[in-house]
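Undergrad:
Residue numbers (the numbering used here), protein chains in the order written: chain A, 1 to 275; chain B, 1001 to 1275.
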């Protein structure tokens, strides 16, 4: 079966391989698309990563990540904006199809989530002209509400799409099953995202029962409770047919297994559960 | 200062005291309202609890909990409904002002959250005539989306209020800061709940950073990131002036401390952070 519809977010195999090794491993397994993280790219250098991707003919379905806009003072917010310019440059160099945006959490000491959300809107507005000029779409990813305090104050697809409406062209959304599967308004909002042409990426993994950690206990597709094939049908009905990108943070399980086993399992579960 | 606006959900001191001891302790500390749990009541018997509450002149701001409607088969769903009739009877005996409803999670083996939500609506519709005849309001509590798989498929205030609209008289909502503080639509939905006269209870605790467990790592008011006094202002602006009920599940902290220390801290933080 073709694996054209499968991409590997390199966080999934971050414990096993650097970007070059991971890209070569994906190629060995017949996988033609990846999404690297900035710290992974920095670890071996942007040029090395660009070469590895070109040498292996890899598609880059996204680059993780820009965002992290809220900060306690104006200097901190400007530093975040400046860092996002660099993230855009790197995404362009890598040939990424979008820059994934994770908004950021509350500034240290703050209890004002509305203010943090305003900082996100302002940060995005600040970098958007540069992103547009670089033809780099910004893919705002709503993260699960359990991340609202320390990671991401954009917590529903509706909220992310409202931001898109406010910002105009050049922004869209990353829809990650893990973060939005629970949303009572999910079907409506996926359809809305499709109508507006806002779906830029589709990330997948599963929700485990029980979930033992708020960050690093995501499940392999099929091991949890998300109806992944039903979810994909909604995404395709909304007009998005790009790859499903496997993103699994799993400190106690998949990050401890051999990378080849992880990739084999991703392929098998993608074929069994996600189409 | 008066503590009329404070209630203690007895889960907060469940590790330290049984219901009778807890009620007596609250009275010693000048607290005049509690909310016991069914397993706590069963542990020493309903009659003993009723007597302890009457002897100490306690107000009962709620009874935890009914609900848990989804089940894999019709017999399981009927058993849940029957159990809710008993919960209503107990709530009446205790003089509770409402029966708190936690919807329940996915049936074992299910990935169909829409079906589970339908089971919740049907379960509530089944028990509602009996609850009405007993004058026992059902207080649907939206729980945090991180509980959607195994505990509660009602995950936003909007969803709970839609259920209320569908069900009519005799149902309302419990608004717990911990479960809904992150919601981008919170202010609108609290106002909507007030307009419809649906606010039946206001639970409080705080969201810790980091949060180490999805169930039992809730924070004492003031130790986390929720703007509790701002939250209370929204609740009062919506017309609810009933007690704030402290509900803290804290396996590694507050459940390990002496109960008197916990109650003293609840009072101090209520006065400092919640009004």
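Glycine is no exception: its CB is placed at the ideal position from the N, C-alpha and C atoms.
1) Determine the closest residue to residue 1153 (chain B) out of B:1104, B:1241, B:1235, with distance taken between C-alpha atoms.
2) Determine the DSSP secondary structure at residue 1055 (chain B), reduced to helix, strand or coil.
3) Mind checking if residue 155 (chain A) is an interface residue toward chain B, Cβ cutoff 8 Å exclusive?
4) Using a 10 Å radius around the Cβ and a threshold of 16 neighbouring Cβ atoms, would you call residue 183 (chain A) buried or exposed?
5) Tell me the start and end of each unbroken alpha helix (DSSP H) in the segment 1180 to 1254 of chain B that is at least 4 residues and wholly inside, in chain order.
6) How big is the Cα-Cα spacing for residue 163 (chain A) and residue 122 (chain A)?
7) Go ahead and label residue 4 (chain A) buried or exposed: buried means 16 or more other beta carbons lie within 10 angstroms of its beta carbon, across all protein chains shown.
8) Following the continuous beta strand (DSSP E) through residue 265 (chain A), name the residue where it begins and the one where it ends.
9) Starting from residue 64 (chain A), trace the beta strand (DSSP E) in both directions and tell me its first and last residue.
10) What separation, rounded to the nearest whole angstrom, lies between the Cα atoms of residue 1019 (chain B) and residue 204 (chain A)?
11) Determine the DSSP secondary structure at residue 1084 (chain B), reduced to helix, strand or coil.
12) Tell me where the beta strand (DSSP E) around residue 1123 (chain B) begins and ends.
13) Assign residue 1259 (chain B) to buried or exposed, taking buried as 16 or more other Cβ atoms, counted over all protein chains shown, within 10 Å of its Cβ.
14) With distances taken between CB atoms, is the gap from residue 231 (chain A) to residue 181 (chain A) smaller than 8 Å?
15) Can you give the Cα-Cα distance for residue 28 (chain A) and residue 44 (chain A), rounded to whole angstroms?
16) Should the segment 139 to 149 of chain A be regarded as contacting the segment 1107 to 1125 of chain B, the criterion being three or more beta carbon pairs within less than 8 Å?
17) Any beta carbon from chain B within less than 8 Å of residue 106 (chain A)'s own beta carbon?
18) Determine contact between the segment 1007 to 1014 of chain B and the segment 233 to 251 of chain A, defined as no fewer than three beta-carbon pairs at a distance below 8 Å.
19) Between residue 190 (chain A) and residue 235 (chain A), how many whole angstroms is the CB-CB distance? I'm expecting something under 8 Å.
20) Over what stretch of residues does the beta strand (DSSP E) that includes residue 1102 (chain B) continue unbroken?
21) By the three-class DSSP mapping on this structure, what secondary structure does residue 3 (chain A) have?
22) Just to confirm before moving on: does the CB-CB distance between residue 1274 (chain B) and residue 1228 (chain B) stay below 8 Å?
23) Is the segment 57 to 71 of chain A touching the segment 32 to 41 of chain A, taking contact as three or more C-beta pairs under 8 Å?
24) Flag residue 1146 (chain B) as yes if its beta-carbon sits less than 8 Å from any beta-carbon of chain A, otherwise no.
25) Quick one: what's got a C-beta closer than 6 Å to residue 1095 (chain B)'s C-beta in the same chain, skipping five residues either side?
26) Select from the segment 206 to 217 of chain A all residues with a C-beta closer than 9 Å to any C-beta belonging to chain E, and list them in chain order.
27) Please name the residue in B:1041, B:1063, B:1127, B:1039 whose C-alpha comes closest to that of residue 1080 (chain B).
28) Helix or strand or just coil, what does DSSP make of residue 148 (chain A)?
29) What do you get for residue 1078 (chain B), buried or exposed, if any count of 16 or more other CB atoms within 10 angstroms of its CB means buried?
30) Using the beta-carbon count (16 or more within 10 Å), is residue 70 (chain A) buried or exposed?
31) Report yes or no: is there a C-beta of chain A within less than 8 Å of the C-beta of residue 1116 (chain B)?
32) Could you work out which residues of chain B lie near residue 159 (chain A), taking near to mean beta carbons separated by less than 7 Å?
33) Alpha helix (DSSP H) containing residue 1162 (chain B): first to last residue?
34) With a CB to CB cut of under 7 Å and the five nearest residues on each side skipped, what residues in its chain are close to residue 1120 (chain B)?
35) The alpha helix (DSSP H) that contains residue 173 (chain A), what's its start and end?
36) Could you give the residue range of the alpha helix (DSSP H) that holds residue 1154 (chain B)?
TA: The answer reads as follows:
1) B:1104
2) helix
3) yes
4) buried
5) 1186 to 1195, 1228 to 1237
6) 10 Å
7) exposed
8) Segment 259 to 273 is the alpha helix (DSSP H) holding residue 265 (chain A); no beta strand (DSSP E) there.
9) 63 to 67
10) 45 Å
11) helix
12) From DSSP, residue 1123 (chain B) is part of no beta strand (DSSP E) but of the alpha helix (DSSP H) over 1113 to 1133.
13) buried
14) yes
15) 21 Å
16) no
17) yes
18) no
19) 6 Å
20) 1099 to 1102
21) coil
22) yes
23) yes
24) yes
25) 1060
26) Considering every chain present, this structure includes no chain E. Its protein chains are A and B.
27) B:1127
28) coil
29) exposed
30) buried
31) no
32) 1184
33) 1157 to 1167
34) 1069, 1070, 1103, 1104, 1153, 1154
35) Run containing residue 173 (chain A): none in the alpha helix (DSSP H); it sits in the beta strand (DSSP E), 171 to 176.
36) Where residue 1154 (chain B) is concerned, there is no enclosing alpha helix (DSSP H), given that its DSSP letter is neither H nor E.
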